[in-house]
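A short write-up of the structure that comes next.
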Amino acid sequence: MDLEAFLTRHPTIVARELIGWTVTLDGVGGRIVETEAYHHEDPASHSFSGRTARNAAMFGPVGRAYVYRSYGIHWCLNLVCGEGPGDAVLLRALEPTAGVTLMRERRGLDEARALCSGPGKLCQALAVTRAHDGLAMDHAPFALAPGANAGVAVGPRIGISRGADLPWRFGEAGSRFLSRPFPKAR
DNA sequence: ATGACGATGCACT
DNA sequence: GTGCATCGTCATG
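Just so we're aligned: the first sequence equals residues 5 to 190 in my numbering.
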């Protein structure tokens with residue numbers, strides 16, 4: 005399956021199967037260990053109320069980056085996917101594997117486990133900004149490569165009010181690089 | 001023109 | 001666990 009086919013599926017499927025893939029920007033990045041799915045019919049999605057200047061990238065081709073500013077401070081990076089316009093996967097945490105020294109400088113931290121353990125942290129470590137909004141994530145300066153995972157945990161998404169009941173957050177089971185642990189299964 | 005509110009992170013208790 | 005910084009985006013007047 006090529007990348008376009010991989011991405012042209014429901015964002016929950018893509019978000020789950022993306023765990024273990026590697027993403028880099030200018031050679032800095034790591035294994036994707038945490039994602040969240042956003043669907044255009046989901047009230048929590050930025051695309052729910054239609055296309056605007058901010059979310060335009062979500063309505064473009066799959067494989068592009070959708071970058072937005074959160075809380076006026078942080079950047080967050082999504083990979084556009086889905087069977088139709090308006091779907092994306094939020095990249096929430098990476099296991100740093102490449103350019104770790106540069107990440108430490110950008111983050112002002114030593115501990116690898118805290119370098120990319122959150123959507124805003126990840127963007128600071130990789131130096132993602134609005135300038136990357138709309139860029140293809142399988143071409144330079146981005147790169148995207150498949151990879152395996154050690155099992156996927158599922159739970160509710162973080163920091164949203166609407167659609168909070170949907171189990172659309174995915175993470176590598178047992179990873180030490182998550183933004184937060186997953187609620188214990190029951 | 002103005003106001004409300006975040007798909008957060010960090011310091012502090 | 002709680003509080004707050006900080007500002008772009010969108011809805012409303």
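Glycine included, every Cβ here is placed at the ideal spot set by N, Cα and C.
Short check: CB of Gly151 to CB of Gly34, under 7 Å? Counting from 1 along the first sequence, the entry for residue 151 is found at position 147. Counting from 1 along the first sequence, the entry for residue 34 is found at position 30. Gly34 is positioned such that its CB atom lies no closer than 7 Å to that of Gly151.
Is the CB-CB distance between Arg173 and Gly159 below 7 Å? The residue you call residue 173 lines up with position 169 of the first sequence. The residue you call residue 159 lines up with position 155 of the first sequence. Taking 7 Å as the Cβ cut-off, Arg173 and Gly159 qualify as a contacting pair.
Thr105, enclosing alpha helix (DSSP H) - first and last residue: Against the first sequence, residue 105 aligns to sequence position 101. Thr105 -> alpha helix (DSSP H) spans 104 to 111.
If you reduce the DSSP assignment to three classes, tell me which class Leu11 lands in. Within the first sequence, the letter at position 7 stands for residue 11. In the structure shown, Leu11 sits in a helix (DSSP, three-state: H, G or I).
Only counting the same chain, and skipping five residues up and downstream in sequence, which positions put a Cβ closer than 6 Å to that of Ser74? The count along the first sequence starts at 1 and reaches residue 74 at position 70. Around Ser74, the same chain offers Cys80 as residues with beta carbons nearer than 6 Å, after the five sequence neighbours per side are excluded.
To which residues of the same chain is Leu119 closer than 6 Å at the C-beta, ignoring the five residues directly before and after it? Reading the first sequence from its first residue, position 115 is the one you call residue 119. Shown here for Leu119: same chain residues with a beta carbon closer than 6 Å to its own, the five before and five after excluded, namely Pro100, Met107, Arg111, Ala129 in chain order.
Nearest residue (CA-CA) to Val1, options Asp142, Ala168, Ala135: The chain is shown only over 5 to 190; residue 1 falls outside these bounds and no answer can be derived.
Rounded C-beta distance between Pro185 and Ala92? I'm assuming under 8 Å. On the first sequence, residue 185 is found 181 positions in, with the first residue counted as 1. On the first sequence, residue 92 is found 88 positions in, with the first residue counted as 1. Going by Cβ atoms, the distance from Pro185 to Ala92 rounds to 24 Å, so no, they are not a contact pair.
Could you tell me whether the Cβ atoms of Val66 and Thr12 are closer together than 7 Å? The residue you call residue 66 lines up with position 62 of the first sequence. The residue you call residue 12 lines up with position 8 of the first sequence. Yes, the Cβ-Cβ distance between Val66 and Thr12 is below 7 Å.
If you follow the alpha helix (DSSP H) that Ala129 is part of, which residue opens it and which one closes it? Here the question's residue 129 lines up with position 125 in the first sequence. Bounds of the alpha helix (DSSP H) holding Ala129 are 123 to 130.
Ala118 in three-state terms, based on DSSP: Taking the first sequence and counting its residues from 1, one reaches residue 118 at position 114. In the structure shown, Ala118 sits in a helix (DSSP, three-state: H, G or I).
Report yes if the C-beta distance between Ser49 and Tyr42 is below 7 Å; otherwise report no. Within the first sequence, the letter at position 45 stands for residue 49. Within the first sequence, the letter at position 38 stands for residue 42. Between Ser49 and Tyr42, the C-beta gap is smaller than 7 Å, which places the two residues in contact.
Starting from Val32, trace the beta strand (DSSP E) both ways and give me its first and last residue. If you number the first sequence from 1, residue 32 lands on position 28. DSSP places Val32 inside the beta strand (DSSP E), whose first and last residues are 32 to 42.
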